[in-house]
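Chains Z and X, in that order, give the protein sequences.
In this text, residue positions in the first sequence follow the working numbering: the first is 1, and each later residue adds one.
In this text, residue positions in the second sequence follow the working numbering: the first is 1001, and each later residue adds one.
Positions of the beta carbon are idealized from the N, C-alpha and C atoms, including for glycine.
Treat the numbers as computed from the prediction; the structure is a model and nothing was measured.
Presented below is the structure to which this report refers.
Number of protein chains: 2
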Amino acid sequence: MNKGFTSVISALIFTTLSVNVSTAFAQSDNFSAKQLTQVAEIKQQALKSDLAWNLVESLTTEVGPRMPGTPGDEAAVSWAIAKFKAMGFDKVWTEPATFPKWIRYSESAAIVSPAPQAMHITALGNSISTPKNGIEAEVIEFKNLAELESGPDNIAKGKIVFINYRMDRDRDGNGYGPAVQARSRGAVVAAQKGAVGYVMRSVSTAYHRFAHTGGSHYKEGVTKIVASAISNADADQLQRLVALGKPVTININVQAKSMGEGTSHNVIAEFTGSEFPKQHVLIGGHLDSWDLGTGALDDGAGVALTMAAAKLATTYGKPKRSIRVVLFAAEEFGLWGAKAYVKANAQGINNIVAAAESDFGADKIWAFDSNVHAKALPLVAEIAAMLKSLNIEYTAKNSARGGPDLIPFRPFNIPAFGLSQDGTDYFDYHHTADDTLDKIDPEKLRQNVAAYAVFTYMTANAKTRIIGK
Amino acid sequence: MNKGFTSVISALIFTTLSVNVSTAFAQSDNFSAKQLTQVAEIKQQALKSDLAWNLVESLTTEVGPRMPGTPGDEAAVSWAIAKFKAMGFDKVWTEPATFPKWIRYSESAAIVSPAPQAMHITALGNSISTPKNGIEAEVIEFKNLAELESGPDNIAKGKIVFINYRMDRDRDGNGYGPAVQARSRGAVVAAQKGAVGYVMRSVSTAYHRFAHTGGSHYKEGVTKIVASAISNADADQLQRLVALGKPVTININVQAKSMGEGTSHNVIAEFTGSEFPKQHVLIGGHLDSWDLGTGALDDGAGVALTMAAAKLATTYGKPKRSIRVVLFAAEEFGLWGAKAYVKANAQGINNIVAAAESDFGADKIWAFDSNVHAKALPLVAEIAAMLKSLNIEYTAKNSARGGPDLIPFRPFNIPAFGLSQDGTDYFDYHHTADDTLDKIDPEKLRQNVAAYAVFTYMTANAKTRIIGK
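What follows is the structure, encoded as structure tokens:
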């Protein structure tokens, strides 16, 4: 099918939505007229459905925060099993995943001098504790991690390093990568330069006074120092005080603990395919969250919308291929659930005909793309045409990544897809206490569900089996 | 001067701003052509001035939070004295004010069951402490204070009362009054109904997860119970959990203390009038703040913009009447500085020719009004005409209140004025940790300064002496 023809179909779908268009649909290479009618109707049903909202409301309210290895994480696993069963999935099962467990007890910080005042701080994941009364030292500020790295060996001796890099706001989240370096390994570099503590401006675009947590790492042979982040407003304040030119002393008090190996579970559910049950579309999100908020945007939304999309995609009966929803465990601690999944399912992993993870909030999906063998591109174009009325652009670069939990799948060249949410505001909430249910717009969530339902139906039911590059 | 003529002047000011318009200005009953040129130029200078911004930046950074009776409060008094002197005010002095001192040590809360998770809570001012491990009880929800009041005597026996009233967003802040009742005396009513603890939805329009503090009171003979408020997001969560129909148990832990009588100081400064030094225009804000944020909007902005306006109003020399800036103490604990001021200055209080307090943030001033004797209304209209190019509407009801610290002045019928900021977003930040410098827009702050400078210049230099009703 060429693109001109796709546009014609798309226009028809847009203007007339009923069985009348079946003659137009009938010319698809991949779908019967009936199927095209069904997917168009599923799309409309999804735009009116409260299913995903009800799921994310339930998860964030009745479970709440669910950091790997906590009682909330266990409750989330039970929640997911129960919901999948209640929704009528054919199979529901769990697979274990282990990870280095870490618990946050408390955290606080203050400017001691010259202007005593509290700061809003959070420990980075994996941080050690400070002594009981905190660690108190003069601050030395660097504009970014590179400036610290290029400084002399003892530049931060006896001081608390403050990295003051502000992340850029960006629809695709491109500001995150450069900023997250300082979170991931800032405490190691600071310790190598003689620092006794580490604090950074949050990896956050938030205008509000929330500190952003997230994974951090220590390095064998380098002294472990406390790793923390302050809110943008507090970073502004610290910057202004440092700029006054007198020594600025702060106190950081973090009580946290590494607890050895923890175990959680990927929760997996399937609508079994009628023709090719082993072949499956894999969609999902990650079930765990950080502990500060209730994990609504990260990633309650992804969990809920993929569960709902799978259900809606089977409105008119069993799919040709299986539809599998995977709710990954311990993503926030380093993709541990995804790694375990790939290990446990390596044998059958090439049965994946399409994979997409939703883990970028719940703003409207604005772009669609694939990462598949060229043979599958006509089908991809047909899916893109069906998504067009949802204001989703087909970017057609065929280089989609598919979501963070699909990183461990990459060596297998599975057919990955991207349904890209607008991430302009995502980092206002991401990994903060402010990631709560009220940040999800039900209308936008429905658009997400509609897109995933269309994608899932079409990849599961197409005549063509999609293969990877 | 009639209103038609005022509009003509206003139009001239708007279109041509230079000495050329002096012939038009010359027809004012209250000002010479030279004076009208000066005030028009002061208005333009204010719109380019960084003075207020520099002051509020300094106050919120170098002092920070300044709750009455804390070291921050003392630092603020020293800050104000030093700044007034550096700005060249003719007289700078302080007057003591006493108040019931109260200190917050710590606060936390959690849902214990059915879904364990932290809540963002703050103690209301004056709250007692809970036992060391907090108080734990089942929640009983009421939609508002009236519903609780109308309930049977023992309706809340052994429970924690949760008042779930959401304040309305409003340009004039009219949503605050109805909501604040539950803050002021909710804990008393709850205790009368048998409750062991009290928590309310914050008096806040915030979309973000900040709890709102503020004054509360106990009543002689009624058991004191902990008084607290949770953020809107947490109130939503509690509401959803209660709606599930099973008992919801929460724990509230507040450590706070009433410390007897505290003392702070009103800081007062004056540019002395050349003709009528006793007569004075009184402008100002309150120097204290709550402890959670840095008191940028409440009321660092009011402090800074009135200090700056007084300075700008004297750009072309001494005023005819004195210009007095009063930075009131301990407003947040109950207008204690204002009460002390009125008591100490009762004798000369009728020397006030115009009074206005800025204590409603730093969004643009949209309305101007007076509360004066009818004889002064032509002058008021002339001031209003000069404010018009700042997009300030003359509401002409002659019933202005003048700001909270002017409430104790009311028995004296002083000439009060209102320069009303747009308060639509004010209660997103008010009394929360999120009230920080970044919430002030420097451009809007300049418009505030311009309006106050015009008002101050014109009331201080007019031929007519304004008197009250």
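Assuming residue i contacts residue j under a Cβ cut-off of 8 Å, what Cβ separation, rounded to an integer in Å, is found between them?
| i | j | result |
| --- | --- | --- |
| Z/Leu297 | Z/Lys439 | 6 Å |
| X/Val1353 | X/Ala1046 | The pair is not a contact, with the Cβ atoms about 21 Å apart (cut-off 8 Å). |
| Z/Phe360 | Z/Gly173 | 7 Å |
| X/Ala1304 | X/Ala1033 | About 32 Å; that fails the 8 Å criterion. |
| Z/Lys219 | Z/Val188 | 5 Å |
| X/Glu1136 | X/Val1242 | The Cβ separation is near 16 Å, so there is no contact. |
| Z/Gln237 | Z/Ile365 | Incorrect: roughly 37 Å between the Cβ atoms, too far for contact. |
| X/Ala1433 | X/Gly1348 | X/Ala1433 to X/Gly1348, Cβ: 40 Å. No contact. |
Going straight from the alpha carbon of residue i to that of residue j, what length do you get?
| i | j | result |
| --- | --- | --- |
| Z/Asp234 | Z/Arg240 | 10 Å |
| Z/Gln181 | Z/Pro131 | 26 Å |
| X/Trp1102 | X/Glu1332 | 11 Å |
| Z/Asn20 | Z/Ile383 | For Z/Asn20, the predicted model reports a pLDDT of 42, less than 50, meaning its position is unreliable and no value from the coordinates is stated. |
| X/Glu1138 | Z/Val77 | 27 Å |
| X/His1280 | X/Ser1322 | 4 Å |
| Z/Met200 | Z/Val248 | 15 Å |
| Z/Arg183 | Z/His430 | 14 Å |
| X/Ala1156 | Z/Gly64 | 27 Å |
| X/Asp1029 | X/Met1458 | 12 Å |
| Z/Met87 | Z/Arg401 | 29 Å |
| Z/Asn461 | Z/Asp428 | 38 Å |
| Z/Val56 | X/Glu1357 | 47 Å |
| Z/Ile414 | Z/Gly285 | 17 Å |
| X/Met1307 | X/Phe1084 | 8 Å |
| Z/Asp90 | Z/Ile81 | 12 Å |
| Z/Lys224 | Z/Gly403 | 31 Å |
| X/Val1222 | X/Thr1315 | 56 Å |
| X/Arg1324 | X/Pro1442 | 24 Å |
Using a beta-carbon distance below 7 Å, is residue i in contact with chain X?
| i | result |
| --- | --- |
| Z/Glu62 | yes |
| Z/His208 | yes |
| Z/Arg240 | yes |
| Z/Ala433 | yes |
Considering only residues of the same chain and omitting the five flanking positions on each side of residue i, which have a CB-CB separation below 7 Å?
| i | result |
| --- | --- |
| Z/Asn266 | Thr94, Glu95, Ala97, Val326, Leu327, Phe328, Ala329, Gly337, Ala340 and Tyr341 |
| X/Arg1104 | Ala1123, Ala1256 and Asp1291 |
| Z/Gln117 | Ala110 and Ile111 |
| Z/Gly295 | Thr60, Pro65, Arg66, Ser289 and Asp435 |
| X/Ile1320 | It should be pointed out that residue 1320 of chain X corresponds to Lys in this sequence rather than to Ile. Cβ neighbours of X/Lys1320 beyond the five flanking positions: Gly1273, Ser1274, Glu1275, Phe1276, Ala1460 and Asn1461. |
Say whether chain Z places a C-beta atom closer than 7 Å to the C-beta of residue i.
| i | result |
| --- | --- |
| X/Gln1117 | yes |
| X/Thr1436 | yes |
| X/Ala1229 | no |
| X/Ala1109 | no |
| X/Ala1233 | yes |
| X/Pro1065 | yes |
Could you name the residues of the same chain whose beta carbon sits closer than 8 Å to that of residue i, not counting the 5 residues immediately before and after it, in chain order?
| i | result |
| --- | --- |
| Z/Leu17 | Caution is warranted here: a pLDDT of 43 is assigned to Z/Leu17, below 50, making its placement in the model unreliable, and the coordinate value is therefore given only provisionally. Excluding sequence neighbours, Z/Leu17 sits near Ala40, Glu41 and Gln44. |
| X/Leu1148 | Phe1142, Ile1155, Ala1156, Val1161, Ile1163, Gly1186, Val1189, Ala1190 and Lys1193 |
| Z/Glu393 | Trp366, Ala367 and Phe368 |
| X/Ala1376 | Ser1370, Pro1415, Thr1464, Ile1466 and Ile1467 |
For residue i, which residues of its own chain have a beta-carbon under 6 Å away from its beta-carbon, when the five flanking residues on both sides are left out?
| i | result |
| --- | --- |
| X/Ala1309 | Val1449, Tyr1452, Ala1453 and Thr1456 |
| X/Asp1363 | Gln1421, Asp1422 and Lys1444 |
| Z/Ile467 | His373 |
| Z/Gly134 | Asn251, Ile252 and Asn253 |
| X/Thr1395 | Ala1367 and Asp1369 |
| X/Lys1469 | His1373 and Asn1413 |
| X/Ser1113 | Thr1249 |
| Z/Ser108 | Asn253 |
| X/Lys1463 | Asn1030 |
| Z/Ser264 | Pro68, Asp73, Ala97, Ala329 and Ala330 |
| X/Arg1465 | Val1353 |
| X/Phe1025 | Note that X/Phe1025 scores 49 on pLDDT, short of 50, meaning its location in the model is unreliable; the coordinates nonetheless yield the value given after this. Closer than 6 Å at Cβ, skipping near neighbours: Ala1033 and Leu1036. |
| Z/Phe210 | Ser231, Thr432, Ala433 and Asp434 |
Three-pair Cβ contact test at 8 Å for the stretch 1163–1174 of chain X versus the stretch 1374–1389 of chain X: no
Does the stretch 1189–1204 of chain X come close enough to the stretch 1220–1237 of chain X that 3 or more CB-CB pairs lie under 8 Å? yes
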